[in-house]
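See structure below.
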Amino acid sequence: MIRQQELHVATDGRGTYDLTQMVQAAVADSGISIGSCHVFVRHTSASLMLCENADPAVQHDLETFMQKTAPDGDPMFTHTAEGPDDMSAHVRSILTTSDLSVPVTNGRCALGTWQGIYLWEHRLAPHQRKVIVTISGE
Amino acid sequence: MIRQQELHVATDGRGTYDLTQMVQAAVADSGISIGSCHVFVRHTSASLMLCENADPAVQHDLETFMQKTAPDGDPMFTHTAEGPDDMSAHVRSILTTSDLSVPVTNGRCALGTWQGIYLWEHRLAPHQRKVIVTISGE
Amino acid sequence: MIRQQELHVATDGRGTYDLTQMVQAAVADSGISIGSCHVFVRHTSASLMLCENADPAVQHDLETFMQKTAPDGDPMFTHTAEGPDDMSAHVRSILTTSDLSVPVTNGRCALGTWQGIYLWEHRLAPHQRKVIVTISGE
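Top to bottom, those sequences are chains A, B and C. When we follow the working numbering, the leftmost residue of the first sequence carries the number 574, and every step to the right adds one. When we follow the working numbering, the leftmost residue of the second sequence carries the number 574, and every step to the right adds one. When we follow the working numbering, the leftmost residue of the third sequence carries the number 574, and every step to the right adds one.
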């Protein structure tokens, strides 16, 4: 059995957005009790991650790490059509992931206690992001 | 339903190779209309990515970023049996991904407008790369 | 058909642990001959990777690379509740992956000759890690 849903996520610009409840709701709606839940972001300047969900400092520090590793406006970048956060957003997306799967067990994503599913907006400006959730199983 | 195909990709050495058309053709051949398409590279010195497909400068800049982050011949590396691009290729593979999945909707990979599926050859010399595409769904 | 198993991996602290045999055994147990095998780590300070399986120097060099890129105790990190290897472990997890899938062909994971499936423990102290393996196919 396959069930698919598109989620619409309005971001306020750079930062992390917790999708866990929306994804768990899609799994509950599917009626699937065992299998996998695939999450996919249809963009190349926003990405996904499974991240610690308890201390907001973790996400703050991940942002700091990325600003050091792939700084906005780095003069080595030539793809700057949309501004200084254009190419850095692509690099950040490549270093994290555009898709992830979580096992479904007993009708729920079998996340660890401290795991949340996050969309990471890498552009500075607000964006409308589309995420496709595909649940497959029995 | 499951359909599986092995793609053979001849690379001319380091750089990105657009697999989007080959993968979409495998999905079309499968007859599957809804589900997932999994792409897997059977190597540890070439990887996959979903990347911006319009401006070649993006891929050029990603190359520049990797050459800075994991430079060939970095003296900190001890695994140098196959030359200065041996260990850097493994690092680049680990930082990107060896497998990715894309949702299948209406018989096609539901990529975003600006997303393409790329193989990233990290070795300097030409290689023959094997990629397995597995489509599952209904 | 879906088969799911939880693996328990006791680590001795930071380093890589080869899961290939355990995962291949789970695939063999499943009776599935074609499809996909999904591996998922239920933690945010240990991750997974597909890595070169022949020369231990590769894993040594990956450790060196991570120690340079995301050093323990970096003063830029504020999330330090569990010590200097707390935030660096989250960064290392984000840069690698929490989940991966391998195609199943003829009842086995269709890994390349030099590919192994590894758990990468990023914390210095020993931990008990849970890994869920989900095999789907026919």
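All residues carry an ideal CB built from backbone N, CA and C; glycine is no exception.
>> DSSP three-state label for A/GLU581, please.
In response: Per the sequence presented here, residue 581 of chain A reads as His, with Glu not at that position. Correct three-state label for A/HIS581: strand.
> Are the Cβ atoms of A/SER609 and A/MET574 separated by less than 9 Å?
Replying inline: no
>> Against chain A, which members of the stretch 673 to 688 of chain B pass a CB distance test of less than 9 Å?
In response: LEU673, SER674, VAL675, PRO676, VAL677, THR678, ALA683, LEU684, GLY685, THR686, TRP687 and GLN688
> If we ignore side chains and look at the alpha-carbon of each, how far apart do B/GLU711 and B/MET639 end up?
Replying inline: 39 Å
>> Taking a contact to mean a Cβ-Cβ separation below 9 Å, would you say B/GLY680 touches A/HIS616 in this structure?
In response: no
>> Counting only beta-carbon separations shorter than 9 Å, does A/THR651 have a partner in chain C?
In response: no
> Going by beta carbon distance, what residues of the same chain come within less than 7 Å of B/LEU697, once the five residues before and after it are set aside?
Replying inline: GLY586, ARG587 and ASP658
> Mind pulling the beta strand (DSSP E) runs of 3 or more residues that sit fully within the stretch 624 to 663 of chain B?
Replying inline: none
> What are the residues that DSSP puts in a beta bridge with A/MET622?
Replying inline: A/TYR691
> Is the CB of C/LEU668 under 9 Å away from at least one CB in chain A?
Replying inline: yes
>> Just checking: is the beta-carbon of A/MET660 within a distance shorter than 9 Å of some beta-carbon in chain C?
In response: no
> CA-CA distance, A/SER661 and B/VAL614?
Replying inline: 26 Å
> What three-state label does DSSP hand B/ARG681 in the structure shown?
Replying inline: strand
> How is A/ARG615 classed by DSSP in three states: helix, strand or coil?
Replying inline: coil
>> On the DSSP bridge list, what partners appear for B/THR670?
In response: B/LEU621
> Closest by CA to A/THR653, which one among B/ARG665, B/PRO629, B/VAL600 and B/THR678?
Replying inline: B/PRO629
> Contact check, B/TRP693 vs B/ALA627 under 8 Å by CB: the rounded distance?
Replying inline: Not really, about 18 Å apart at Cβ, beyond 8 Å.
> Does the beta carbon of C/THR637 come closer than 9 Å to any beta carbon on chain A?
Replying inline: no
>> Against chain A, does C/THR642 count as a neighbour if the rule is that its beta carbon must be under 9 Å from one of theirs?
In response: yes
> Shorter than 9 Å from the beta carbon of B/GLU625 to some beta carbon of chain A?
Replying inline: yes
> Run through DSSP, which three-state label would B/SER603 get?
Replying inline: helix
>> Contact defined as beta carbons within less than 8 Å: I believe A/ILE605 pairs with A/VAL677. What is the distance between those atoms, to the nearest angstrom?
In response: 6 Å
> If contact means a Cβ-Cβ distance below 8 Å, which residues of the stretch 600 to 615 of chain B contact chain A?
Replying inline: ILE607, GLY608 and SER609
>> At the level of alpha carbons, what is the spacing between C/SER671 and C/CYS682?
In response: 18 Å
>> Determine, for B/GLN577, whether the minimum Cβ-Cβ distance to residues of chain C falls below 9 Å.
In response: yes
>> I want to see whether chain B comes within less than 9 Å of A/ILE690, judged by CB atoms only; does it?
In response: no
>> Using CA atoms only, rank isn't needed, just tell me which of B/HIS663, B/GLY656 and B/LEU580 is closest to B/VAL600.
In response: B/LEU580
>> Can you tell me whether A/ARG696 is helix, strand or coil according to DSSP?
In response: coil
> Got a sec: is the Cβ-Cβ distance from C/ASP645 to anything in chain B below 9 Å?
Replying inline: no
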